[in-house]
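Asks:
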Amino acid sequence: VKSGLLRPAVACVRAWTWFYTWRMRPQPRETRRAEIESDLWEFQRDAAGDNSLGLALHVLLRLLIGIPNDLGWRVEQEFVAGRLTQTGVVLSARAAGAAIFFCALLAIQADTSGRRPAPHHSVNFSQPTASPFSSPPRTASVQTRWSAAMTKIRSFVPALLLSASPVLVAQNAAQPSDIAVDAAARTEVIDGALKALNDAYVFPDVAKKMEEAIRARQQRKEYDVITSGRQLAQILTEHLREVSHDLHLSVNFIEQGPPPPPPPSGGALPPEERQRVLAGRQNFGFARVERLAGNIGYLDLRGFMPPAVAGETATAAMTFLASTDAIIFDLRQNGGGDPTMVAFLTSYVFGQHAVHLNDFYSRPTNETRQSWTLPYVPGRRLTDKDVYILTSSRTFSGAEEFTYNLKHLKRAIVVGETTGGGAHTVGGRRINAHFAIAVPSGRPINAVTKTNWEGVGVEPDVKASAENALKVAHLMALEKQQQTLPADATGLRTEVTTTTQSLRHELGGAAVSIPTVESVKPVPASKASEDFESGTLANWRIDQRGAGGWFSYSNGKTPPNAAQSDPNFTFDVPAPPQGKFAAVTDTNGPGRRILYRDIMLDGRYRVHLTVFYVNLGTFSATNTSSRDTIGDEQQYRIDLVLPSAPVASLAKEHVLANIFQGQPSDPSRHQPTEVTFDLSPWAGQTVRLRLACTDFQGPLRAGVDNIRFERLGQ
Amino acid sequence: MRRKPGHLVPLETAICVCAANLARTGITQFHGYEIAKRLGDASNCRLLTAYGTLYRALGRLEAMGLLESRWEDPQIPARENRPGRRFYVLTAAGDIAAQEARKAAGEMMPAPVARRPVPA
Chain G
290 VKSGLLRPAV
300 ACVRAWTWFY
310 TWRMRPQPRE
320 TRRAEIESDL
330 WEFQRDAAGD
340 NSLGLALHVL
350 LRLLIGIPND
360 LGWRVEQEFV
370 AGRLTQTGVV
380 LSARAAGAAI
390 FFCALLAIQA
400 DTSGRRPAPH
410 HSVNFSQPTA
420 SPFSSPPRTA
430 SVQTRWSAAM
440 TKIRSFVPAL
450 LLSASPVLVA
460 QNAAQPSDIA
470 VDAAARTEVI
480 DGALKALNDA
490 YVFPDVAKKM
500 EEAIRARQQR
510 KEYDVITSGR
520 QLAQILTEHL
530 REVSHDLHLS
540 VNFIEQGPPP
550 PPPPSGGALP
560 PEERQRVLAG
570 RQNFGFARVE
580 RLAGNIGYLD
590 LRGFMPPAVA
600 GETATAAMTF
610 LASTDAIIFD
620 LRQNGGGDPT
630 MVAFLTSYVF
640 GQHAVHLNDF
650 YSRPTNETRQ
660 SWTLPYVPGR
670 RLTDKDVYIL
680 TSSRTFSGAE
690 EFTYNLKHLK
700 RAIVVGETTG
710 GGAHTVGGRR
720 INAHFAIAVP
730 SGRPINAVTK
740 TNWEGVGVEP
750 DVKASAENAL
760 KVAHLMALEK
770 QQQTLPADAT
780 GLRTEVTTTT
790 QSLRHELGGA
800 AVSIPTVESV
810 KPVPASKASE
820 DFESGTLANW
830 RIDQRGAGGW
840 FSYSNGKTPP
850 NAAQSDPNFT
860 FDVPAPPQGK
870 FAAVTDTNGP
880 GRRILYRDIM
890 LDGRYRVHLT
900 VFYVNLGTFS
910 ATNTSSRDTI
920 GDEQQYRIDL
930 VLPSAPVASL
940 AKEHVLANIF
950 QGQPSDPSRH
960 QPTEVTFDLS
970 PWAGQTVRLR
980 LACTDFQGPL
990 RAGVDNIRFE
1000 RLGQ
Chain H
118 MRRKPGHLVP
128 LETAICVCAA
138 NLARTGITQF
148 HGYEIAKRLG
158 DASNCRLLTA
168 YGTLYRALGR
178 LEAMGLLESR
188 WEDPQIPARE
198 NRPGRRFYVL
208 TAAGDIAAQE
218 ARKAAGEMMP
228 APVARRPVPA
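From first to last, the protein sequence lines stand for chains G and H.
Counting with the working numbering, you get residues 290 to 1003 for the letters of the first sequence.
Counting with the working numbering, you get residues 118 to 237 for the letters of the second sequence.
(1) Anything in chain G within Cβ reach of residue 201 of chain H, meaning under 7 angstroms, just list it in chain order.
(2) Put residue 688 of chain G into one of helix, strand or coil per three-state DSSP.
(3) Can you find a CB in chain G that lies within less than 8 angstroms of the CB of residue 170 of chain H?
(4) Could you give the distance in angstroms between the alpha-carbon of residue 996 of chain G and the alpha-carbon of residue 642 of chain G?
(5) Of the residues that make up the region 143-168 of chain H, which ones have a beta carbon closer than 9 angstroms to any beta carbon in chain G?
(6) How big is the Cα-Cα spacing for residue 755 of chain G and residue 796 of chain G?
(7) Please compile the residues from chain H whose C-beta is within a distance smaller than 8 angstroms of the C-beta of residue 359 of chain G.
(8) Mapping the DSSP letters down to three states, classify residue 962 of chain G as helix, strand or coil.
(9) Quick check on DSSP: helix, strand or coil for residue 1069 of chain G?
(10) Could you name the residues of the same chain whose beta carbon sits closer than 8 angstroms to that of residue 847 of chain G, not counting the 5 residues immediately before and after it, in chain order?
(11) Kindly give me the distance between the Cβ atoms of residue 169 of chain H and residue 328 of chain G, rounded to whole angstroms, as I take these residues to be in contact under 8 angstroms.
(12) Verify the CB distance criterion: does residue 211 of chain H have a CB-CB separation below 8 angstroms to chain G?
(13) Please classify residue 973 of chain G as buried or exposed, where buried requires at least 16 other C-beta atoms within 10 Å of its C-beta.
(14) What three-state label does DSSP hand residue 152 of chain H in the structure shown?
(15) With 16 other CB atoms within 10 Å as the buried threshold, where does residue 644 of chain G fall?
(16) Identify the continuous beta strand (DSSP E) that holds residue 366 of chain G and give its terminal residues.
(17) Can a CB atom of chain G be found closer than 8 angstroms to the CB of residue 182 of chain H?
(18) What does a CB cutoff of less than 8 angstroms around residue 975 of chain G pick up in its chain, not counting 5 residues either side in sequence?
(19) Pick helix, strand or coil for residue 207 of chain H, following the three-state DSSP scheme.
(20) Tell me, to the nearest whole angstrom, how far the beta carbon of residue 838 of chain G is from that of residue 882 of chain G; I am working on the premise that it is less than 8 angstroms.
(21) Which residues bound the beta strand (DSSP E) around residue 983 of chain G?
(22) Following the continuous beta strand (DSSP E) through residue 518 of chain G, name the residue where it begins and the one where it ends.
(23) Just to confirm my understanding: we take residue 760 of chain G, look at its own chain, exclude 5 residues before and 5 after, and list those with CB closer than 7 angstroms. What are they?
(24) Along chain H, which residues have their Cβ under 7 angstroms away from the Cβ of residue 503 of chain G?
(25) Is it right to say residue 647 of chain G is buried, meaning 16 or more other beta carbons lie within 10 angstroms of its own, or is it exposed?
(26) Near residue 841 of chain G, which residues of its chain fall below 7 angstroms by C-beta distance, leaving aside the five closest residues on each side in sequence?
(27) Determine whether the Cβ of residue 331 of chain G lies closer than 8 angstroms to any Cβ atom of chain H.
(28) Does residue 309 of chain G come out as helix, strand or coil in the three-state DSSP assignment?
(29) State the DSSP-derived secondary structure class of residue 681 of chain G, mapped to helix, strand or coil.
(30) Between which two residues does the beta strand (DSSP E) containing residue 656 of chain G stretch?
(31) Rounded to whole angstroms, what's the CA-CA distance from residue 399 of chain G to residue 164 of chain H? Just pull it up for me.
(32) Give me the Cα-Cα distance between residue 720 of chain G and residue 167 of chain H, rounded to the nearest whole angstrom.
(33) For the candidate residues G/571, G/615, G/325, whose alpha-carbon lies nearest to that of residue 675 of chain G?
(34) Can you tell me whether residue 203 of chain H is buried or exposed, with buried defined as 16 or more other CB within 10 angstroms of its CB?
(35) For residue 196 of chain H, go through chain G and note every residue whose CB falls closer than 7 angstroms to its CB, in chain order.
(36) So that I know if they touch, is there some Cβ in chain H lying closer than 8 angstroms to that of residue 829 of chain G?
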């Protein structure tokens, strides 16, 4: 099938197909290229002998009209592969521009010369299956009348390649090793992978579905064309993930590395020592620990290595941060690791009272292990500091566990992007000398949500691009800092103010949408009633200084946390007045404990609270407070305050109304009593309900239950 | 074109109908160029469907389960010295989609079209 003008047109189609499938996953790439090749061949054969100019234009038109769909298809494929990047879009756009340029050149040439090149002239822009760099486009044999246009093309092609892909050049420079696989090897790998999945994949039914899909593809001989070991591993991984959507699942090709170095004198290292050496080269993931301006702590953590090897470094980092006023955990480049390290680090931001994090179910052992925070950690805890966690779409696995736990325990504010969405625990299994499979064989069940983040990721509380996340969190921490700084910290206040200004300036428009820490997610009053029957205070925020805290309790004679209960003042409070649970403060030393929640009054409401306390000190008179904040003396008070106000403020402009307050002459024991307050003056506004207990005169246990928002008629 | 999931664009409907008509004449499988030609014949349009449009539509129909595809035995093209063909087959779901499209078009069966011979 020879037709002078048709050939360059066909070459255009090939070149374009080669361009827009460039850097794709091999399977759809080869399929598309082969399919276009077939179409071109059939067309030429069908058209043998027809008018060549008309045919060439026909082919070019078919090419040009289809370009938007080619690009759309490519973008879809990238989404399917889960690796759509801006670079990909830019590459596609460049390729589109290049193709239009080609076609324009050729169309001009075809139009003006009308003469045919000699038959031996070959225009071969690429070999469809070759990698773009191992075999550069060949245009050298083009001569004579085509030379003007072709010279332009020749000079253009390498320029385009170089400008588009410095990364590719770099990748290509280091040729990874590979092996050839034949039918027997393919079968061995496929069978081995499927057996491992059926034996251990966390959901047996999904394992079955994966097997069915792979077997069907095998029957359709889809794997018969694969001769590269690396490619086989990659394609099997894609096909298995297509069914399971499990990003922890992968079939891996194992390079035969150089032989291990001879053991140093004294023999080979024991496994733990070896792990210590290897992980130590990454400093156990602790990339950076820093005091940011305004005395905000910052930890850039790239992985969670087992505490057995990384514990010392972790403790050093936490100790370094212990005197800062808030902590930012940067997990934007953290791909996960060991759940025990997650629990270890989490322990630092809680008190000695153990907190239940997750239950880890493992299918191979049919065992469920609980994960709790530790009653003791070396160094100092960061219990009373605000915590921010930075996330990106690459935050994965163990890093997501850390984020998910603290988010749902209301212990951290998550700033950044939705995380990658991998919750399963993984065990590696060897298939043979060259292949292994990572089998997700366990799943966590979170203590608060009773589920996990597999496939969905962890949603940030405050959305920000990964790039901006640190600035946003830093700004949020500084704004909180501004409200809570003691009056004498003048130097620090200046630092906070100037940094706040410069961060706002750097963030520009992005700074506008940042919520203040205190006003994250107000809840509508229609959903704000609280009987505490969940057994947690998860709906509330707690601010505390000094000892003790707010707790959920069910038995008036048993302290909710013995370690935080004064043994000289036996815990003896009224039983929960309603249901099985209520909230109460307990302590083994003086302190300030504030329980609060922001409520959107979506109509006219009246609030009912059942209030009680046991007080060994004497309540302060309202007007003796030396400063405009709760903190001194002895108080149990419930206020309605502005959500934007500092959490402990008693300033007139911040406190909308006082709902309840213990008075100096009140008895030491106040039995559960309902307090009612009309909120209709604030209808349509967001207000903060604040329950504050301070006991600097003598132990005070303050309680509340059955908070109801009653909607009033119009 | 903004698409609703499960909704067929006109080209996809046309492919299903065309494939169903072919099946009635005993041709149960077709390759990309062939269906482009049949579509051109059916609509009296000499310009064949563009590459990108055609193969994206075929891919979508396959993803929706209306078509299935397989590559022909590699020995055949090797013997005939030509590129291998990817053959598409209309599935039962695809046949239903074609019937519905016909109903929507007013119960009219398109008349069999005069065919140019297609290279086998």
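A virtual CB, placed ideally from N, CA and C, is assigned to each residue, including glycine.
Small disclaimer: the values here were computed from a predicted structure and weren't measured.
Replies: The structure says:
(1) Those are 323, 327, listed as they occur along chain G.
(2) DSSP places residue 688 of chain G in helix when its eight states are reduced to three.
(3) It does: the Cβ of residue 170 of chain H has a partner Cβ on chain G nearer than 8 angstroms.
(4) Their backbone Cα atoms lie some 26 angstroms apart in a straight line.
(5) Those would be 148, 149, 150, 151, 153, 154, 163, 164, 165, 166, 167, 168, in chain order.
(6) Taking the straight line joining both Cα atoms gives about 13 angstroms.
(7) Simply 168, 169, 173.
(8) Correct three-state label for residue 962 of chain G: strand.
(9) Here chain G covers residues 290 to 1003 and nothing more, so residue 1069 of chain G does not appear.
(10) Once the five neighbours on either side are set aside, the close Cβ partners of residue 847 of chain G are 860.
(11) Going by Cβ atoms, the distance from residue 169 of chain H to residue 328 of chain G rounds to 11 angstroms, so no, they are not a contact pair.
(12) No, its Cβ sits nowhere closer than 8 angstroms to a Cβ of chain G.
(13) It counts as exposed.
(14) If DSSP states are grouped into helix, strand and coil, residue 152 of chain H belongs with the helices.
(15) Classification of residue 644 of chain G: buried, given that the 10 Å Cβ count is 16 or more.
(16) Boundaries for residue 366 of chain G: no beta strand (DSSP E) harbours it, while the alpha helix (DSSP H) harbouring it runs 341-370, taken from the DSSP string.
(17) Cβ-Cβ to chain G under 8 angstroms: no for residue 182 of chain H.
(18) Closer than 8 angstroms at Cβ, skipping near neighbours: 808, 811, 887, 888, 889, 890, 932.
(19) Here residue 207 of chain H sits in strand by DSSP.
(20) Rounded, the Cβ-Cβ distance is 6 angstroms, consistent with contact.
(21) Per DSSP, residue 983 of chain G belongs to the beta strand (DSSP E) from 975-984.
(22) It is not in any beta strand (DSSP E) - residue 518 of chain G instead sits in the alpha helix (DSSP H) that spans 518-533.
(23) Cβ-Cβ distances below 7 angstroms link residue 760 of chain G to 792, 795, 796 in the same chain, with the five nearest sequence neighbours on each side left out; the list follows chain order.
(24) Listed by position along chain H, the residues whose Cβ is nearer than 7 angstroms to that of residue 503 of chain G form an empty set, because the closest Cβ is around 16 angstroms away.
(25) Counting C-beta atoms within 10 angstroms of its own C-beta, residue 647 of chain G has 16 or more neighbours from the protein chains shown and is therefore classed as buried.
(26) A distance below 7 angstroms between beta-carbons, with the five flanking residues on each side excluded, links residue 841 of chain G to the following residues of its chain, in chain order: 821, 824, 825, 826, 849, 870, 872.
(27) Yes, contact with chain H.
(28) Under the three-state reduction of DSSP output, residue 309 of chain G falls in the helix class.
(29) Coil.
(30) That run of the beta strand (DSSP E) goes 656-661.
(31) At residue 399 of chain G, the pLDDT of 45 sits below 50, so the modelled position is not reliable; the number obtained from the coordinates is stated separately. Cα to Cα, the separation comes out at about 19 angstroms.
(32) About 45 angstroms.
(33) Of all alpha-carbon atoms in G/571, G/615, G/325, the one lying nearest the alpha-carbon of residue 675 of chain G is that of G/615.
(34) Buried, since its Cβ has 16 or more Cβ neighbours within 10 Å.
(35) Within chain G, no residue has its beta carbon less than 7 angstroms from that of residue 196 of chain H; the closest one is some 15 angstroms off.
(36) For residue 829 of chain G, the answer is no, since every Cβ of chain H falls outside 8 angstroms of its Cβ.
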